[in-house]
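Residue numbers (UniProt numbering), protein chains in the order written: chain A, 1 to 343; chain B, 1 to 343; chain C, 1 to 343. The beta carbon of each residue, even a glycine, is placed where N, CA and C say it ideally should be. Here the structure is laid out as structure tokens; the discussion comes afterwards.
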Amino acid sequence: MAYLRNCWYVAALSKEVQASKIFTRKILDENILFFRDQTGLATAMADRCPHRFAQLSMGKLQDDCIQCPYHGLTFNQQGQCVHNPHGDGRIPDKAKVKVFPVVERYSAIWIWMGEPALANPKTIPSCDFLDSENFYIGSDYMNIQGNYLLESDNILDLSHIEFVHPLFSSPSVSAGEYKCEVEGNTIWSKRDIYNDSQAPEFIHKVFRIPQGTVIDRWLHVHWQAPAIMALYSGGVASGKNRSEGVETPGFHWFTPETETSSHYFFGISFPKAMGEEFEKIAAEEIKQLRAPFEFEDKPIIESQQRNIGNKDFWDERPLILNIDAAGTKARRIMQKMIDEENA
Amino acid sequence: MAYLRNCWYVAALSKEVQASKIFTRKILDENILFFRDQTGLATAMADRCPHRFAQLSMGKLQDDCIQCPYHGLTFNQQGQCVHNPHGDGRIPDKAKVKVFPVVERYSAIWIWMGEPALANPKTIPSCDFLDSENFYIGSDYMNIQGNYLLESDNILDLSHIEFVHPLFSSPSVSAGEYKCEVEGNTIWSKRDIYNDSQAPEFIHKVFRIPQGTVIDRWLHVHWQAPAIMALYSGGVASGKNRSEGVETPGFHWFTPETETSSHYFFGISFPKAMGEEFEKIAAEEIKQLRAPFEFEDKPIIESQQRNIGNKDFWDERPLILNIDAAGTKARRIMQKMIDEENA
Amino acid sequence: MAYLRNCWYVAALSKEVQASKIFTRKILDENILFFRDQTGLATAMADRCPHRFAQLSMGKLQDDCIQCPYHGLTFNQQGQCVHNPHGDGRIPDKAKVKVFPVVERYSAIWIWMGEPALANPKTIPSCDFLDSENFYIGSDYMNIQGNYLLESDNILDLSHIEFVHPLFSSPSVSAGEYKCEVEGNTIWSKRDIYNDSQAPEFIHKVFRIPQGTVIDRWLHVHWQAPAIMALYSGGVASGKNRSEGVETPGFHWFTPETETSSHYFFGISFPKAMGEEFEKIAAEEIKQLRAPFEFEDKPIIESQQRNIGNKDFWDERPLILNIDAAGTKARRIMQKMIDEENA
Ligand code: FES
Ligand code: FES
Ligand code: FES
Numbered sequence: 001m002a003y004l005r006n007c008w009y010v011a012a013l014s015k016e017v018q019a020s021k022i023f024t025r026k027i028l029d030e031n032i033l034f035f036r037d038q039t040g041l042a043t044a045m046a047d048r049c050p051h052r053f054a055q056l057s058m059g060k061l062q063d064d065c066i067q068c069p070y071h072g073l074t075f076n077q078q079g080q081c082v083h084n085p086h087g088d089g090r091i092p093d094k095a096k097v098k099v100f101p102v103v104e105r106y107s108a109i110w111i112w113m114g115e116p117a118l119a120n121p122k123t124i125p126s127c128d129f130l131d132s133e134n135f136y137i138g139s140d141y142m143n144i145q146g147n148y149l150l151e152s153d154n155i156l157d158l159s160h161i162e163f164v165h166p167l168f169s170s171p172s173v174s175a176g177e178y179k180c181e182v183e184g185n186t187i188w189s190k191r192d193i194y195n196d197s198q199a200p201e202f203i204h205k206v207f208r209i210p211q212g213t214v215i216d217r218w219l220h221v222h223w224q225a226p227a228i229m230a231l232y233s234g235g236v237a238s239g240k241n242r243s244e245g246v247e248t249p250g251f252h253w254f255t256p257e258t259e260t261s262s263h264y265f266f267g268i269s270f271p272k273a274m275g276e277e278f279e280k281i282a283a284e285e286i287k288q289l290r291a292p293f294e295f296e297d298k299p300i301i302e303s304q305q306r307n308i309g310n311k312d313f314w315d316e317r318p319l320i321l322n323i324d325a326a327g328t329k330a331r332r333i334m335q336k337m338i339d340e341e342n343a
Numbered sequence: 001m002a003y004l005r006n007c008w009y010v011a012a013l014s015k016e017v018q019a020s021k022i023f024t025r026k027i028l029d030e031n032i033l034f035f036r037d038q039t040g041l042a043t044a045m046a047d048r049c050p051h052r053f054a055q056l057s058m059g060k061l062q063d064d065c066i067q068c069p070y071h072g073l074t075f076n077q078q079g080q081c082v083h084n085p086h087g088d089g090r091i092p093d094k095a096k097v098k099v100f101p102v103v104e105r106y107s108a109i110w111i112w113m114g115e116p117a118l119a120n121p122k123t124i125p126s127c128d129f130l131d132s133e134n135f136y137i138g139s140d141y142m143n144i145q146g147n148y149l150l151e152s153d154n155i156l157d158l159s160h161i162e163f164v165h166p167l168f169s170s171p172s173v174s175a176g177e178y179k180c181e182v183e184g185n186t187i188w189s190k191r192d193i194y195n196d197s198q199a200p201e202f203i204h205k206v207f208r209i210p211q212g213t214v215i216d217r218w219l220h221v222h223w224q225a226p227a228i229m230a231l232y233s234g235g236v237a238s239g240k241n242r243s244e245g246v247e248t249p250g251f252h253w254f255t256p257e258t259e260t261s262s263h264y265f266f267g268i269s270f271p272k273a274m275g276e277e278f279e280k281i282a283a284e285e286i287k288q289l290r291a292p293f294e295f296e297d298k299p300i301i302e303s304q305q306r307n308i309g310n311k312d313f314w315d316e317r318p319l320i321l322n323i324d325a326a327g328t329k330a331r332r333i334m335q336k337m338i339d340e341e342n343a
Numbered sequence: 001m002a003y004l005r006n007c008w009y010v011a012a013l014s015k016e017v018q019a020s021k022i023f024t025r026k027i028l029d030e031n032i033l034f035f036r037d038q039t040g041l042a043t044a045m046a047d048r049c050p051h052r053f054a055q056l057s058m059g060k061l062q063d064d065c066i067q068c069p070y071h072g073l074t075f076n077q078q079g080q081c082v083h084n085p086h087g088d089g090r091i092p093d094k095a096k097v098k099v100f101p102v103v104e105r106y107s108a109i110w111i112w113m114g115e116p117a118l119a120n121p122k123t124i125p126s127c128d129f130l131d132s133e134n135f136y137i138g139s140d141y142m143n144i145q146g147n148y149l150l151e152s153d154n155i156l157d158l159s160h161i162e163f164v165h166p167l168f169s170s171p172s173v174s175a176g177e178y179k180c181e182v183e184g185n186t187i188w189s190k191r192d193i194y195n196d197s198q199a200p201e202f203i204h205k206v207f208r209i210p211q212g213t214v215i216d217r218w219l220h221v222h223w224q225a226p227a228i229m230a231l232y233s234g235g236v237a238s239g240k241n242r243s244e245g246v247e248t249p250g251f252h253w254f255t256p257e258t259e260t261s262s263h264y265f266f267g268i269s270f271p272k273a274m275g276e277e278f279e280k281i282a283a284e285e286i287k288q289l290r291a292p293f294e295f296e297d298k299p300i301i302e303s304q305q306r307n308i309g310n311k312d313f314w315d316e317r318p319l320i321l322n323i324d325a326a327g328t329k330a331r332r333i334m335q336k337m338i339d340e341e342n343a
């Protein structure tokens, strides 16, 4: 299965790319380097000198340009060679490094891996609770040795919480109402649980509902291509209106590293209006969230990949359950977009 | 070269698969899990959930069923899904895990990798000295990075003892009489040494013959497909009748893990009639036997595999010596069986 | 790209192959073993027994013969089996190990990987400053995970010194005059720097020119197939005649291990006439030379290989600069020789 190229992928969390440092990451099988210019603007370019293919990331970043470590050709933010220290110093026409459009938004750097002329920042998936002016954001990164679609399957079907994360769950989760709704090119996967008397302590604490109270809960996931998901997790004492409850939003974004490995960016946010202490709380909560993803989801997803190997997911004839509706829908939308792109 | 599928392979030593625990092993390139039910009966099934291919071995064993770690589908010993915690709980027709026939015999678990309907326990290779009611068995396991046929070559040609295990040998071993006899679909590789005055101390001790006595020795290997070998090693003071001597039987069983790696099960036995202390002796002697296999045979076999790589053994045009008769015969029988199976 | 086979490759430094020991190295994808006979003469043979492909290097070297570790076939220096300990002891016609012509010269062992009948020691590249009767030689070895042609590119274009080895350089290096001259089937890559007032302290010391003196320097590299290079590095106070200056010669030899990895042999020499203390100086200086090669060149060359992967260098369309003239010429000569060999 090919990659969708004409779309925005998350390349890095903003905080991963620091001033005066070269950051590297493999995305869609390409080695890419990232840096910020003196105004803080992020740049992404192939980590490969057009001369003899040395990794530019081993070179020097100076004056917003990258100097190749090998023979010193120097490239600016547009990938254009601006200095050839050799011979008459003439700069050959082809002395260009591939540059990728990037946009910084939602505390992340988004990259366009396809035709640069088509890169329109307006098509970056929207995520209202991550506007960094109004929200404190806690975020983290993890590498997963599994295809990114195994990850959208994972987030789009939260019935797995009961089995994979028993401490965060109750039997009522998989018994809850499950709906998959398509909204344009996006998908909603909604799980609604009513009258849960077995919710774990943890849940009561997050939603600030006294232990012993029967509660209504919801887990609503919104998917946008390629694998950009928002998870709205909420709770309220049963009988009350949802608007009286608490809803905590989180994000789960995946970017293919290779066909069999992914970059996983995840996080949560709190409105700044809640108070300054929530900056610290966001940072602390995200640390706690990492553990279940790292020690519970990741091993399972990597075991799926081991069993699938290099074969095609559908060729392996997976069993279809009702819980797969949203994940399957996401796979189909991606396949359609890829087919159209390659048509 | 394909694998022979319709035959019994040794999957594990009985003691490797413990009550209430899931055991895993790759056999003929397939990840397989093993467990015992509450009566102790062993079960083998694909370590791969039919739903989304998670490794079932990461799940839970309860009530003789395996619950998938990911979404909780539960499978019984027949591989049949017996519980679907999702939606209306209906169990899809295809919700089945591949189950492999197994039989426990000779302190080992034997697995049938082919067409289940053809699995007949009567065709398990026979091994009279391993009847665990009448014998104390000492056994061990080792992984070898080499094709299993390199291993049957090894055991079927004991001339290598002189070079590979000099401490256990004397020059008379390769000078001994060598015979290869075919008996139905099985092979005998017999090495008989007469009037050996140079046998190492070790040999005199095992066969309880005073140092200095000239001895007659024999090493008789019996091969059965796919790579099930019994080695009868005996000795007696020269001039006496063999029946007055001592014979210690051992087994060497090999199962393909992949085309280039094998599972090696080996052991010895003592008749219970010899006394209870022989339970401990069996366990101790097998520990000592491990060293020469691990540090002398294994490195050589793995060096063969490195030199052969992924090429076909015969295509590499090995030199044929008289000592190869039995190993070559075994390779031919296996090839014939594989060809017939795929015809 | 295939290898050139009918040519002399450097297999090892003389000192790497010690008396009474078996040395192994993979060359052009073949595992080869080396030893010295009792007169000190070096022998090279395939590290692979013709019987069952065990690595002969795990066996014994005795009486100038190699005994296979597995079944004891014994091979002499001509690769001929001279002893079969089995059966009637007859030696099969095909009981031969492939032997490679070798010649010891310039403190190294040269190997001929092609048709043995064509191996003519007169075609070993000449290297006058390595005659070990008249020179003290300091030499060392390093494994590089990169194709050997990336290495000839490296040595044939010393403009990289300025960027890769800033401590050994001055901006004047890449500004220097650069010439590529073809001399028969060999190449000269000459870099001449005039009136350098910025040469590092190190340079002044090596050429024994007081700090502060403006100097003329030259870096002349002579290439012979397959990747045998001599580097003449000299310096003299500007205005004086070069013959009044100092010139230190060094060698850089590369041999393919695989398509993507190389053996790197490098060294320097001092005329014995300079005095006995130069034996020690040669040994010490080579230790210091190792660091820049290991920590500065090697990582860059390996990054090139990572970016090229298994693709063809030219298919990746490298940018051509004037500094590539000699490296490109060397690649073309090699390609022509390979094409002719396979015609
Ligand atoms: S490889 Fe980058 S300048 Fe030569
Ligand atoms: S992967 Fe096993 S139940 Fe879903
Ligand atoms: S493998 Fe070398 S003698 Fe048998």
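7 Å Cβ shell around residue i - same chain, five flanking residues per side excluded
i               : result
N6 of chain C   : G114, E115, L118, E341
W314 of chain C : none
H165 of chain B : P292, E296
G327 of chain B : S152, D153, L156, D157
Alpha-carbon spacing of residue i relative to residue j, whole angstroms
i                      : j               : result
S170 of chain B        : R331 of chain B : 28 Å
H252 of chain B        : S303 of chain A : 32 Å
W8 of chain B          : M334 of chain B : 13 Å
Q38 of chain C         : V10 of chain B  : 50 Å
residue 377 of chain A : I228 of chain C : Since the first residue of chain A shown is 1 and the last is 343, residue 377 of chain A is not available in this structure.
D192 of chain A        : I161 of chain A : 14 Å
N310 of chain A        : F53 of chain B  : 13 Å
D128 of chain A        : R48 of chain B  : 39 Å
G250 of chain B        : A230 of chain B : 6 Å
Q18 of chain C         : L167 of chain B : 28 Å
Distance CB(residue i)-CB(residue j) smaller than 9 Å
i               : j               : result
P226 of chain B : Y148 of chain B : yes
I27 of chain B  : H263 of chain B : yes
D216 of chain B : S189 of chain B : no
T260 of chain B : Q211 of chain B : no
V103 of chain B : P121 of chain B : yes
Q67 of chain C  : N31 of chain C  : no
L321 of chain B : H86 of chain C  : yes
Residues of its chain near residue i, where Cβ-Cβ distance is below 6 Å and the 5 sequence neighbours each way are ignored
i               : result
S233 of chain A : L219, T248
I323 of chain C : D157, S159
Spatial neighbours of residue i in its chain, beta-carbon cut-off 8 Å, leaving aside the 5 residues before and after
i               : result
Q198 of chain C : S170, P171, S172
K336 of chain C : none
query = Does the stretch 294 to 304 of chain C come within contact of the stretch 177 to 184 of chain C, defined as at least 3 CB pairs closer than 8 Å?
reply = no
### Message
For the pair the stretch 205 to 219 of chain C and the stretch 129 to 144 of chain C, tell me if three or more CB-CB distances fall below 8 Å.
### Response
no
Okay, do the stretch 61 to 69 of chain B and the stretch 11 to 26 of chain B touch, 3+ Cβ pairs below 8 Å being the bar?
yes
- prompt: Is the stretch 269 to 284 of chain A in contact with the stretch 234 to 246 of chain A, if contact means three or more CB pairs nearer than 8 Å?
  reply: no
*Near-chain B residues of the stretch 304 to 324 of chain A (beta-carbon distance less than 9 Å), N- to C-terminal order*: Residues passing the 9 Å Cβ filter: Q304, Q305, R306, N307, I308, F313, E316, R317, P318, L319, I320, L321, N322, I323, D324.
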